[in-house]
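Have a look at the structure below before the remarks.
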Amino acid sequence: MAALREIVVDCEHAPSLARFWAAVLDDYDVLPYDDAEIERLAALGLTPETDPTVAVGGPGPTLFFQQVPEPKTVKNRVHLDVTAPDRAAEVDRLLALGASVHSVHERWTTLLDPEGNEFCVSEPG
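In this text, residue positions in the sequence shown follow UniProt numbering: the first is 1, and each later residue adds one.
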């Protein structure tokens with residue numbers, strides 16, 4: 001049987017989108033760069049701020065952000081759902097981080113991350 005290891009998100013700028021999602025999710029952080037990785041990036045003319053592939057780790061699957069040349073053009077076929085005890089307060093917090101409201105429903109709110117990827121916020125249960 002297969003085991004889920006990563007959720008990969010294509011994006012325009014991996015470092016900034018990774019920081020957004022690290023701030024969205026409880027106990028998630030951009031995975032740190034060790035000296036060897038910083039040297040590898042430097043040899044390619046890159047830095048952590050220009051890295052085209054950035055991982056965000058936490059208690060669940062790793063979120064992996066990879067830059068791609070083409071822009072998002074249609075609705076995501078897969079999206080993340082997050083829960084918070086106070087949906088309205090969480091939506092306000094996420095808006096302050098750079099999300100925008102796509103639509104509001106009785107049991108969830110659909111938001112867009114800074115690059116236009118849909119995700120939903122609901123209360124537990």
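The beta-carbon is built from N, C-alpha and C at its ideal position, and this holds for glycine as well.
- Out of 65, 108, 117 and 62, the CA that lies nearest to the CA of residue 125 is found in 108.
- Under the DSSP assignment, residue 37 falls in the alpha helix (DSSP H) whose first and last residues are 35-43.
- Around the beta carbon of residue 113, 16 or more other beta carbons lie within 10 angstroms, which makes this residue buried.
- Secondary structure of residue 90 (DSSP, three-state): helix.
- Assigned with DSSP and collapsed to three states, residue 68 falls in coil, not helix or strand.
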